[in-house]
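Right, one structure below, let's go through it.
Residue numbers (this note's numbering): 112 to 763.
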């Protein structure tokens, strides 16, 4: 195939995907796969010196949807060009520096939401419009007015148009999905679907946010730098994201990108890269624009966390609670730095809702260490095979029962997979932290020594371990000592170790701090449990039912009988200066990681929040802080150092 013919074929394919993504909010390939097609087209255009009239490289956004009033933008909206790697980034910075060596660069998050333009006049909200085709968008004013982080009044009185992203935070998505009949598969599509919904009530239900990053047009004011523009937005009450930096060199830009890449999974918002711009506005005007992109800005995209691949089969896996979960067997694909061959499908209702089938192409998402998940159908194959729900346990053959959408094996004491799962969870680091008790060793103890329950571990002797293959004196003594050492445990870790459905380590800590003793937890009523922050009706019911089960109560008593000592939290354990106080962390601390600092605060009765508000008591400040520092100053919140925190904890 000659290059022009290949370009024509690519244009047809890319335009089809643009229509699916922008107009239908129903993409059939991932961003990474789209970028591969798009970059191939760009490379061919450079090689041939030809840009065909219908090339997507000439277009911005998608078509305007029917059903919405059309609204013209005051200026053309541009997309961002992308750099593909560190080499391209350094080349772009070098080209910019050749024009003005003294220029600096702003570095900001690349938000993954729905592009919006919001208009204000005389300090009042006027309208909100989607990007559309870059010239005309959809009027979504009624929908956007339901977003609480969109200010309806601002201090600036001139005619103003700002740009930003309508987004759903990960926390908001989690809360929405708890009780939704039809769960949302990802935050980006959830936001787009809510804003481009003719019913503003549906927008409001999804509890969206708006993150602002640009001024499209402003009457009577000019900005010298992106930093000044950013400060203007912040002072007028716009949410800008907890990050903004100005740097001078390509090395500094790359360092910021690497730092963000490492911590992006801990953010409550979806970002798919970093935007790097010339900070000085005058230099931007001199460098200019192409027909589609500003030459003075670039987007550095992170490694893909979502991609499509073929669903080859489905197997069913039994967990520690007896829940039987379908696992997708995938055509191996590289994703987020790992080869992905399996992904979760949650339950059979999820399979039906996502319309996936064996042999079809599906979307898969993986974020750092999170288990990959099948998000939904990308494209159905002609010979696709429907997935059938099973009726017997794949491990022990027992008949399964169904609770809501979930399948369970009730053979609690005779199903090997359940026993293994419970013991492995019990021994994990956040639970009893029994060093040396790996999954492999757990399997050996079940098969060779008849261990079934956690309390059985404490009845084993060094001589028992010596009967096992590859267990010599040192290994046997070490494991026995580790088991003995684990007997003294904090209440929250004990609760977590029990393996109650949906109760993670944070929830376990909240339960322990609220009730202060295991006996109080065991006697608690449903209404009392639901009073705990972030404990919804499902988790509360799980806790209540767990402590009604006589087998569970007997195992708790067995653990106490073999010498397990539970340390209850008490006010005497907490510094009077820390207990009940709300902390926000920003920047890099001298000796503690964010996780360590958060743990220290929580251990001493404090609370840790991800955002600064008037209810924040202290902001713990490290080097290179983000916008949380500026907001704390604005709200007059006390700023403390790592040493201040330690002094507060140690003060009697």
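Backbone N, C-alpha and C fix where the C-beta goes; we use that ideal spot for every residue, glycine too.
Just so it is clear, the structure is predicted and the values come from calculations on it, not from any experiment.
Whole-angstrom distance between residue 380 and residue 660, CA atom to CA atom: Position 549 of the chain shown, counting from 1, holds the residue named residue 660. Position 269 of the chain shown, counting from 1, holds the residue named residue 380. So the two alpha carbons sit approximately 39 Å from each other.
Residues of its chain near residue 750, where Cβ-Cβ distance is below 7 Å and the 5 sequence neighbours each way are ignored: One-based indexing of the chain shown puts residue 750 at position 639. So the list reads 730, 732, 743, once near-sequence residues are dropped.
Run of the beta strand (DSSP E) containing residue 149, from where it starts to where it stops: Start at 1 with the first residue of the chain shown, and residue 149 comes out as number 38. Careful: residue 149 lies outside any beta strand (DSSP E), inside the alpha helix (DSSP H) at 142-159.
Pick from 503, 590, 594, 560 that is closest to residue 578, judged by C-alpha positions: For this step, residue 578 is matched to residue 467 along the chain shown. Closest by alpha carbon: 560.
Reduced DSSP category for residue 614 - H, G, I as helix; E, B as strand; rest coil: Taking the first residue of the chain shown as 1, we reach residue 614 at position 503. DSSP places residue 614 in coil when its eight states are reduced to three.
Three-state class that DSSP yields for residue 437 in the structure shown: One-based indexing of the chain shown puts residue 437 at position 326. Residue state, collapsed to three classes: strand.
Length-filtered (3 minimum) beta strand (DSSP E) runs lying within the segment 349-416: With a minimum length of 3 residues, the continuous beta strand (DSSP E) runs that stay inside the segment 349-416 are 356-358, 382-389, 408-412.
Range covered by the alpha helix (DSSP H) that runs through residue 698: Numbered from its first residue, the chain shown carries residue 698 at position 587. Element bounds for residue 698: n/a, residue is neither H nor E.
Identity of the residues DSSP links to residue 278 by a beta bridge: Here residue 278 refers to the residue found at position 167 when the chain shown is read from its first residue. Looking at the DSSP assignment, residue 278 forms a beta bridge with 320.
Span of the alpha helix (DSSP H), counted from its first residue to its last, around residue 575: Your numbering for residue 575 matches position 464 in the chain shown. Residue range 573-577 is occupied by the alpha helix (DSSP H) that includes residue 575.
Straight-line gap, residue 121 to residue 366 (C-alpha atoms, nearest Å): Stepping through the chain shown from its first residue, residue 121 is reached at position 10. Stepping through the chain shown from its first residue, residue 366 is reached at position 255. C-alpha of residue 121 to C-alpha of residue 366: approximately 35 Å in a straight line.
Own chain, CB closer than 6 Å to residue 289, minus 5 neighbours either side, in chain order: Here the question's residue 289 lines up with position 178 in the chain shown. The residues are 647.
Whole runs of the alpha helix (DSSP H) within the segment 573-658, excluding any shorter than 4 residues: The segment 573-658 is shown to contain whole alpha helix (DSSP H) runs of 4 or more residues at 573-577, 584-596, 602-608, 616-626, 629-634, 637-640, 648-657, in chain order.
Enclosing beta strand (DSSP E) for residue 677 [first to last residue]: If you number the chain shown from 1, residue 677 lands on position 566. If you look at residue 677, you'll find it in the beta strand (DSSP E) that goes 676-678.
Span of the alpha helix (DSSP H) around residue 724: Looking up residue 724 in the chain shown gives position 613. Boundaries for residue 724: no alpha helix (DSSP H) harbours it, and the DSSP string shows neither H nor E there.
Short Cβ contact (7 Å threshold) for residue 279 with residue 307: Counting from 1 along the chain shown, the entry for residue 279 is found at position 168. Counting from 1 along the chain shown, the entry for residue 307 is found at position 196. At a Cβ-Cβ threshold of 7 Å, residue 279 and residue 307 do not count as neighbours.
Cβ distance (whole Å) where residue 166 is taken to contact residue 148 below 8 Å: Your numbering for residue 166 matches position 55 in the chain shown. Your numbering for residue 148 matches position 37 in the chain shown. Taking C-beta atoms under 8 Å as the contact rule, residue 166 and residue 148 fail to qualify, at a distance of about 12 Å.
Close-in-space but distant-in-sequence residues of the same chain around residue 484 (CB under 6 Å, 5 per side omitted): Sequence index remark: in the chain shown, residue 484 carries index 373 (1-based). Closer than 6 Å at Cβ, skipping near neighbours: 454, 455, 476.
Buried versus exposed call for residue 724 [16 or more other C-beta atoms within 10 Å across all chains shown]: The sequence position of residue 724 within the chain shown is 613, counting from 1. The residue is exposed, with fewer than 16 neighbouring Cβ atoms inside 10 Å.
Nearest-angstrom Cβ-Cβ length linking residue 189 and residue 403, presumed shorter than 8 Å: Here the question's residue 189 lines up with position 78 in the chain shown. Here the question's residue 403 lines up with position 292 in the chain shown. Sure, about 6 Å apart at Cβ, within 8 Å.
Residue range of the unbroken beta strand (DSSP E) whose run includes residue 163: Counting from one through the chain shown, the residue named residue 163 turns up at place 52. Bounds of any beta strand (DSSP E) do not take in residue 163, whose DSSP letter is neither H nor E.
Sequence ranges, beta strand (DSSP E) only - wholly within the segment 479-546, length at least 3: The DSSP assignment places 484-490, 511-514, 517-520 as complete runs of the beta strand (DSSP E) inside the segment 479-546, in order along the chain (cut-off: 3 residues).
Nearest-angstrom Cα separation, counted from residue 623 out to residue 536: Taking the first residue of the chain shown as position 1, residue 536 is located at position 425. Taking the first residue of the chain shown as position 1, residue 623 is located at position 512. Residue 536 and residue 623: Cα-Cα distance of roughly 19 Å.
Exposure of residue 264, with buried meaning 16 or more beta-carbon neighbours within 10 Å: Residue numbering aside, residue 264 sits at position 153 when the chain shown is read from its first letter. Residue 264 is exposed by the Cβ-count criterion.
Supposed contact pair residue 452 and residue 440 - C-beta distance, whole angstroms, cut 8 Å: What you label residue 440 is simply residue 329 of the chain shown in a count that begins at 1. What you label residue 452 is simply residue 341 of the chain shown in a count that begins at 1. Rounded, the Cβ-Cβ distance is 7 Å, consistent with contact.
Three-state class that DSSP yields for residue 341 in the structure shown: Start at 1 with the first residue of the chain shown, and residue 341 comes out as number 230. Reduced to three states, the DSSP call for residue 341 is helix.
Neighbour-count burial assignment, residue 637, 16 or more Cβ in a 10 Å radius: Walking along the chain shown from the start, residue 637 turns up at place 526. Answer is exposed; the Cβ neighbour count stays below 16.
Beta carbon of residue 422 nearer than 7 Å to that of residue 462: Translated into the one-based positions of the chain shown, residue 422 becomes position 311. Translated into the one-based positions of the chain shown, residue 462 becomes position 351. Not a contact, by the Cβ cut-off of 7 Å.
Range covered by the beta strand (DSSP E) that runs through residue 466: Position 355 of the chain shown, counted from the start, is the residue given in the question as residue 466. Here residue 466 belongs to no beta strand (DSSP E), and DSSP marks it neither H nor E.
Straight-line gap, residue 426 to residue 471 (C-alpha atoms, nearest Å): One-based indexing of the chain shown puts residue 426 at position 315. One-based indexing of the chain shown puts residue 471 at position 360. Rounded to the nearest angstrom, the gap between the Cα atoms of residue 426 and residue 471 is 16 Å.
Beta-carbon proximity list for residue 512, same chain, < 7 Å, skipping 5 on both sides: Taking the first residue of the chain shown as 1, we reach residue 512 at position 401. These residues qualify, in order along the chain: 519, 521.
Nearest-angstrom Cα separation, counted from residue 331 out to residue 273: Within the chain shown, numbered from 1, the residue matching residue 273 stands at position 162. Within the chain shown, numbered from 1, the residue matching residue 331 stands at position 220. The alpha-carbon atoms of residue 273 and residue 331 are separated by roughly 15 Å.
Inter-residue spacing [alpha-carbon to alpha-carbon] between residue 603 and residue 616: Numbered from 1 along the chain shown, position 492 holds the residue referred to as residue 603. Numbered from 1 along the chain shown, position 505 holds the residue referred to as residue 616. Answer to the nearest angstrom: the Cα atoms are 7 Å apart.
Alpha-carbon to alpha-carbon, residue 701 and residue 271: Position 160 of the chain shown, counted from the first residue, corresponds to residue 271. Position 590 of the chain shown, counted from the first residue, corresponds to residue 701. For residue 271 and residue 701, the gap between their C-alpha atoms comes out near 42 Å.
DSSP three-state assignment for residue 746, whether helix, strand or coil: Here the question's residue 746 lines up with position 635 in the chain shown. Three-state result, residue 746: coil.
Within 7 Å, strictly: CB atoms of residue 302 and residue 319: Position 191 of the chain shown, counted from the first residue, corresponds to residue 302. Position 208 of the chain shown, counted from the first residue, corresponds to residue 319. Contact: yes.
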